[in-house]
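Okay, so here's the structure we're looking at.
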Amino acid sequence: MEILDARRRRGQLLLVMGGQCLIICIVLTLWAGQDATYSPGLIHPMVYWCAITGIFALTFLFSGLRLRKGTNEFQSY
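Numbering (our numbering), first residue to last: 45 to 121.
Now the structure itself:
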């Protein structure tokens, strides 16, 4: 039972990290739009940063959902 609770806690941690990355990605979208409009050539660091943060957010969220299946029998935290 301890291993199952640890897996679910890890899943909850990944869900929180995914949510935080998603919030940062939404805020970065504002700067990414400006960067894509005004930066010359292929140099768009904010666009790349926003894309990487979005990929991290989706990865964390899907991994967290996969690990978080079910409910805890005991609330230990």
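All C-beta atoms, glycine included, are put in the ideal place defined by N, C-alpha and C.
Residue 101 to residue 51, Cα distance in whole Å?
19 Å
Would you mind sorting residue 85 into buried or exposed? The rule is 16 or more other CB atoms within 10 Å of its CB.
exposed
Out of 47, 57, 94, 48, which has the shortest C-alpha to C-alpha gap to residue 107?
Taking each of 47, 57, 94, 48 in turn and checking the Cα distance to residue 107, the smallest one comes out for 57.
Between which two residues does the alpha helix (DSSP H) holding residue 98 run?
89–111
Using the three-state DSSP reduction, which class does residue 86 fall into: helix, strand or coil?
coil
Below 8 Å, can you find three or more Cβ-Cβ pairs linking the segment 64–75 to the segment 89–100?
Yes, they touch.
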